[in-house]
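Shown next, in structure tokens, is the structure this report addresses.
Protein chains in written order, with my numbering: chain A, 3 to 297; chain B, 2 to 337.
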């Protein structure tokens, strides 16, 4: 499969190297072709979403659609905004996601500090518990969570949704932040303490600045999780107070299926998230292997 | 906090403490359970104070409902109990008996397992192939693929689901139009969701499309850790590409693969919105998976206790996989 073969080793070095290089270039072109094909297939759904969103409505329902863009119009976006209240759900989603992230990151950071910088009895139990909680299939929990919030009078309240989402993002926030903290050498803190900082001071002046990029990445990731959640938003909020994901899923039932405006709505929901995602994915990928998030 | 840090600051950091020793959870290979006389001095209340808010939230909104899920499944709990007209009654194993004797339930279990297994295997195989491909292409192709992968990874599941619904639409879907151009294929007006297996295959494709990027990116990171010298040595010893992969790459990647597989199993057993939204909120019987089935029993049939019983059975089914994952995680945790 790869370029270097036993044959290349047998021939005299100079000639062999040239042959091998030529051979390698040929296989490289082959792999590139496969790669481009993969790019086209994997990227197609995203392309088609954006393509449909900007298409004139009559081209969108062409039984023999053209694969290339056929024109440019914003009509579908206007239509999407008209069909149902768009900004209401988006505002609610924003409020929920931002609150969840702000609270989650503070609470999560404290917990992460505890399990990464302190030795205490029961530390392992806590770590196991946090990991285990992460493995609980959230779909299975919807019934009791619904009943709990119902009992507490938190059904159809943003606060109920916020506290629920908090439990979803906390385990991975703690776990990924722990990963970031563990990578900051303890000696730095100790040096600051030798120089007269208190432990808290050492944390604020030394650890915190080094942790900042990790905090940003984790926040963005948590934000995306909260923003994308569907099932709990559907169950815990009434139609009147729906969030953005539920708004999009409802699109179909309103006036039959108007696909072009629906793709416009999808684009509006997805593009900001995908862009945010682009920024953090490199930093998160490593943490995620440990953290187990997207579900 | 200030009181605590004065006390803890003075104690020198314990020499790489073995906090595992004696702790109840986990089976640390090294941490003997014999009590030691000289433990490193442990920091007092500070860590618990730091942990408190986190644990509080988790226990209140996850721990308590978890217990409630168990108790619910042994009770009779319907609409009248929800509104508070009647108290929940203990009915022992009646819910489980009702669920387990329902032939529909077994069909759902089987379907869920086949669906999850198919999705996991395909995700892992495709993910591995793409990760290997990424190593062999030029830089610009790599960038292109990475962009596509991150875009599909970042797509909200609901958006991805509606997009796939559009791609596979029977009248105006682009897929039918394009496939029909192939010689001998007549798919114009074909309804992909007329039958369960075909519809679920489309949903599986959607799940795989969303899951592959994470696998590829993680495996690619892992592949960079494979020492070039080892591959070279294997090649000099006469192994072909497959041999190098089988005996050098695969063993080194094994921990990552175990982790990704267990995670995928957990995620794919829990597939819900994809089916739910794809079928317009009312999946037909032949589309039901354990998650949607539990949801239907609870919120559409209004039998919360039977829904809970089904959810509980789902969790139990996944426990084995979770155990494997946890062991792997703890191994990694030990290294750090």
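Even for Gly, the Cβ is constructed at its ideal location relative to N, Cα and C.
Contacts with chain B (Cβ-Cβ distance below 8 angstroms) from the region 224-237 of chain A involve 226, 229, 230, 232, 233, 237, listed in chain order. DSSP places residue 91 of chain B within a strand segment (E or B) once states are collapsed to three. Judged by DSSP secondary structure, residue 46 of chain B falls outside any alpha helix (DSSP H); it is assigned neither H nor E.
By the CB criterion at 9 angstroms, residue 137 of chain B and residue 30 of chain A fall inside the cutoff. Separation of residue 209 of chain A and residue 179 of chain A (C-alpha to C-alpha, rounded to the nearest whole angstrom) is 12 angstroms.
About 18 angstroms separates the beta carbons of residue 293 of chain B and residue 266 of chain B, which is beyond the 8 angstroms limit, so they are not a contact pair.
Residue contact check for residue 282 of chain B against chain A: a CB pair falls below 9 angstroms.
Residue nearest to residue 49 of chain B within the set A:122, A:23, A:71 is A:122 (criterion: CA-CA distance).
The DSSP-derived three-state label of residue 287 of chain B is helix. Taking 9 angstroms as the cut-off, the beta carbon of residue 128 of chain A is found closer than this to the beta carbon of residue 56 of chain B. Residue-level contact by beta carbon holds for residue 131 of chain B and chain A, with a gap shorter than 9 angstroms. For residue 173 of chain A, the uninterrupted alpha helix (DSSP H) segment begins and ends at 160-184. In the displayed model, residue 226 of chain B falls within coil according to three-state DSSP, outside both helix and strand. Scanning its chain for C-beta atoms nearer than 8 angstroms, with the 5 sequence neighbours on each side dropped, one finds around residue 217 of chain B the residues 128, 131, 132, 135, 150, in chain order. Contact with chain A is absent for residue 231 of chain B, since none of that chain's Cβ atoms lies less than 9 angstroms from the residue's Cβ.
Proximity of chain B to residue 33 of chain A at the Cβ level (cut-off 7 angstroms) is accounted for by 134, 137, 138, in chain order.
Between the region 141-149 of chain A and the region 287-301 of chain B there are three or more inter-stretch CB-CB distances shorter than 8 angstroms, so the stretches are counted as touching.
A Cβ of chain B is located within less than 9 angstroms of the beta carbon of residue 283 of chain A.
Neighbours of residue 268 of chain A in chain B, taken as residues at a C-beta separation under 7 angstroms, are given in chain order as 160, 163, 164. Using a 10 angstroms sphere on the CB of residue 269 of chain B, the tally of other CB atoms reaches 16 or more, which defines it as buried. The alpha helix (DSSP H) runs lying completely inside the region 193-264 of chain B and spanning 4 residues or more are 197-224, 229-237, 242-245, given in chain order. Within the region 49-73 of chain A, those residues whose Cβ lies closer than 8 angstroms to any Cβ of chain B are, in chain order, 50, 51, 54, 62, 63, 64, 65, 66, 67, 69.
Contact annotation: the region 160-175 of chain A touches the region 96-106 of chain A, with at least three C-beta pairs closer than 8 angstroms. Interface with chain B (9 angstroms Cβ-Cβ cutoff): residue 182 of chain A is excluded.
Burial is judged here by how many other beta carbons sit within 10 angstroms of a residue's own beta carbon; residue 124 of chain B has at least 16 and is buried.
Straight across, the Cα-Cα distance linking residue 255 of chain B with residue 37 of chain A is about 25 angstroms. For residue 136 of chain A, the enclosing alpha helix (DSSP H) begins and ends at 125-137. Pairwise C-beta distances place the region 154-174 of chain B in contact with the region 60-78 of chain A, as three or more of them are shorter than 8 angstroms. Shown here for residue 75 of chain A: same chain residues with a beta carbon closer than 6 angstroms to its own, the five before and five after excluded, namely 58 in chain order. From the listed residues B:206, B:76, B:177, the smallest Cα separation to residue 119 of chain B is found for B:206. The residue from A:237, A:39, A:165 with its alpha-carbon nearest to that of residue 63 of chain B is A:165. Counting other Cβ atoms within 10 Å of its Cβ, residue 102 of chain B stays below 16 and is therefore classed as exposed. Contacts between residue 210 of chain A and chain B, judged by CB atoms closer than 9 angstroms, are missing: the closest CB pair is about 14 angstroms apart. Residue 244 of chain A carries a coil assignment under DSSP once its states are collapsed to helix, strand and coil. Contacts between residue 201 of chain B and chain A, judged by CB atoms closer than 7 angstroms, are missing: the closest CB pair is about 17 angstroms apart.
Here residue 154 of chain B is buried, its C-beta having at least 16 other C-beta atoms within 10 Å.
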